[in-house]
Structure formats: structure tokens, C-alpha cells
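Numbering (my numbering), first residue to last: 500 to 746.
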Amino acid sequence: MEKVYTRPRSLKKVTFHYCPGCGHSIVHRIMCEVIDEMNLQERAIGIPPPGCSVFAYHYFDVDMAESAHGRGAAVATGIKRAYPEAIVFTYQGDGDLAAIGTGETIHAANRGEKVTAIFINNAVYGMTGGQMAPTTLLEQKTTTTPYGRDINLEGYPIKISEMLALTKGAVYIERTAVNSPANIRKTKKAIHKAFQTQIDNLGFSLVEILSPCPTNWRMTPLEAWQWIDKVMTKEYPLGVIKDITGK
Numbered sequence: 500m501e502k503v504y505t506r507p508r509s510l511k512k513v514t515f516h517y518c519p520g521c522g523h524s525i526v527h528r529i530m531c532e533v534i535d536e537m538n539l540q541e542r543a544i545g546i547p548p549p550g551c552s553v554f555a556y557h558y559f560d561v562d563m564a565e566s567a568h569g570r571g572a573a574v575a576t577g578i579k580r581a582y583p584e585a586i587v588f589t590y591q592g593d594g595d596l597a598a599i600g601t602g603e604t605i606h607a608a609n610r611g612e613k614v615t616a617i618f619i620n621n622a623v624y625g626m627t628g629g630q631m632a633p634t635t636l637l638e639q640k641t642t643t644t645p646y647g648r649d650i651n652l653e654g655y656p657i658k659i660s661e662m663l664a665l666t667k668g669a670v671y672i673e674r675t676a677v678n679s680p681a682n683i684r685k686t687k688k689a690i691h692k693a694f695q696t697q698i699d700n701l702g703f704s705l706v707e708i709l710s711p712c713p714t715n716w717r718m719t720p721l722e723a724w725q726w727i728d729k730v731m732t733k734e735y736p737l738g739v740i741k742d743i744t745g746k
């Protein structure tokens, strides 16, 4: 029998700790597939955040360096400048990248740092109990917005990818999702291009990934996947936001 599907070399043989239906495990796998296919395992250095994916170093079989909350882009900058031959990526949630880490992220993009950010947007603070995040949708209920996000109290959801696209140092930004086989394939293609952008020494790249969080959304995994299509993509449309790579 022909073997057509196997565990990527750069994905460790351990059980994920994530909740059923969570998108992190999907993203981990396809990232490792890309790392293997591009032969980057010996060059890659990942920076996991505080949050649900704080233990990403248990899963990626590449060098990893934990950062303080929100400081992923700053740590990535230091590592990349010290080891320019490395392929440096951050793996950050919406609380880490779009809240406490907004300053570091915007300035890294503006400087055109040759690093790659993988940005997981699940519209909620996952690990700490389901509080409102910068990306929480209007009228979305969380533990800190039990009646739904109110414009007059909490303001609007932040579209961090569109904000970063305004910086001259950002060369490739795309928003994808992992709620269907077709979207998973597109996400893998986007991650591949983001890494290639770094290999080509072109500038800052980011892939924003809409990811289901059934536990904190109070949904079944299937409902969470459907909610991304029906609701979340209306606020965060999928597609290329900026691409000046010329590739």
C-alpha cells in the first residue's frame, strides 16, 4: 500500500494539548509541512507567545525562543539581525500581536525587518478565559462583553493586517483561514510565500489566519467552522492585503 500522508519531520511526535476543534493544531501541521518542503528545519527559529500556543516549542522540531508577552517581533528582530541566515518566524495570537504587542509589531513592519509573523486571529483571548480581544467582533459575546461588544464602550475591532499594510517595510500580508480543506490549502500556500519572502530578503511578511475557538465561542467545532464563513469573514475578508514582492 502506498503511503500518501505522514507526520512532517519537523512536527514532534507528541499529543497536542489544544481543545477539540481548535485551529492551532492545523496551523502547526501545515507550517511544519512547509518547513519540510522548503528544507528549512535546520535554519528555522520560531518564537511562540504567551497564550494557548505558549507550548509551541513542544510541537515544532526547530529551534524556538520564548518571548515575553507582546515582544515577539522585538525578539525576532534581535535574532534575525544576529543570525541573518536564519529563517525567523513569530507565532502569535490576537492578544499577543494586536494588543500588548501592537507597538513592536508595527515598528518591526515599518522597519522592514526580514522576519515572518504568523498571526492567529480567533477573535477572543483563548487561554485566560475568553475575554474580549482587540479582534472581537461587534456584538460578539465574551466573558468581559456578556451583552456583546458595544461600539460606545469597547470601540471597533482592530484590523491589524490592514494597519500593517500601510507601512512601507511590509511587503507581503495575506489573510486566510483554516475552517475548510480549501482554506487550509490556501493558508499553506500563503505561509510558503511568506517564508519565501524572507528567504529573498525582501522585508516584513505576515499571514493572518482566522482560526476557530469552539470552547470560548461556546460552539461545536462544526458550528465554529461555519461561523468563520458566515460572520467572521464579513469583518475580516480573506485574501491578499498587500503584495509588493513581485513574485
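Quick reminder that beta carbons are idealized off the backbone N, C-alpha and C, glycines included.
Here the structure is a predicted model, which means the values were calculated and not measured.
Check whether residue i and residue j have beta carbons under 7 Å apart
{"i": "G647", "j": "N715", "result": "no"}
{"i": "F559", "j": "G545", "result": "yes"}
{"i": "P656", "j": "Y590", "result": "no"}
{"i": "Y624", "j": "G594", "result": "yes"}
{"i": "T441", "j": "L701", "result": "Here the chain covers residues 500 to 746 and nothing more, so residue 441 does not appear."}
{"i": "I619", "j": "S710", "result": "yes"}
{"i": "K741", "j": "I672", "result": "yes"}
{"i": "A608", "j": "G668", "result": "yes"}
{"i": "H557", "j": "V614", "result": "no"}
Check: residue i C-beta below 6 Å from any heavy atom of the ligand NAP
{"i": "A555", "result": "With respect to small molecules bound, the structure shown includes none, and the ligand NAP cannot be examined in it."}
Contacting residues, own chain, Cβ-Cβ under 8 Å from residue i (five flanking each side not counted)
{"i": "Q540", "result": "R508, S509, I534, D560, V561"}
{"i": "P820", "result": "Residue 820 cannot be examined here, being either before or after the span of the chain that is shown, 500 to 746."}
{"i": "K579", "result": "A585, V587, E612, K613, V614"}
{"i": "Y582", "result": "I544"}
Rounded separation between residue i and residue j - CA only
{"i": "V670", "j": "S552", "result": "26 Å"}
{"i": "S660", "j": "K511", "result": "30 Å"}
{"i": "E653", "j": "M500", "result": "56 Å"}
{"i": "D699", "j": "P645", "result": "46 Å"}
{"i": "I605", "j": "L663", "result": "6 Å"}
{"i": "E565", "j": "L596", "result": "14 Å"}
{"i": "G571", "j": "M718", "result": "30 Å"}
{"i": "H527", "j": "Y504", "result": "16 Å"}
{"i": "N567", "j": "I599", "result": "The residue asked about is misnamed: residue 567 is Ala in this sequence, not Asn. Each residue's alpha carbon lies about 10 Å from the other."}
{"i": "K658", "j": "Y735", "result": "7 Å"}
{"i": "P633", "j": "P680", "result": "27 Å"}
{"i": "K502", "j": "M563", "result": "30 Å"}
Close Cβ partners of residue i (< 7 Å) along its chain, the five nearest in sequence each way excluded
{"i": "T643", "result": "Q630, M631"}
{"i": "I727", "result": "A676, N678, L709, P711"}
{"i": "C531", "result": "P507, S509, L510, F559"}
{"i": "Q639", "result": "A622, G647, R648"}
{"i": "L737", "result": "R674, T675, A676"}
Nearest to residue i (by Cα), restricted to the options the options
{"i": "K687", "options": "H516, V513, I525", "result": "I525"}
{"i": "L637", "options": "F694, N538, D649", "result": "D649"}
{"i": "R610", "options": "V574, Q639, T666, K685", "result": "T666"}
{"i": "T601", "options": "A573, A681, S679", "result": "A573"}
{"i": "H516", "options": "R506, F588, G550, I599", "result": "G550"}
{"i": "E584", "options": "A723, A543, H691, K502", "result": "A543"}
{"i": "V739", "options": "G522, K729, K685", "result": "K685"}
{"i": "M537", "options": "T635, A681, I599, T696", "result": "T696"}
{"i": "T627", "options": "V614, A567, A616, T641", "result": "T641"}
{"i": "A575", "options": "T505, A681, G592, F703", "result": "F703"}
{"i": "I690", "options": "I529, M718, R717, H523", "result": "I529"}
{"i": "F694", "options": "K746, M718, K502", "result": "K746"}
{"i": "E707", "options": "T635, A616, N682, F588", "result": "A616"}
{"i": "T635", "options": "A581, V730, K502, L737", "result": "V730"}
Cβ neighbours of residue i in the same chain (closer than 6 Å, five flanking residues each side left out)
{"i": "C712", "result": "N621, V623, G625"}
{"i": "W724", "result": "N678, P711"}
{"i": "I683", "result": "V677"}
{"i": "K692", "result": "none"}
Beta carbon proximity, residue i to chain D, threshold 7 Å
{"i": "H568", "result": "Of the protein chains in this structure there is only one, and it is not chain D."}
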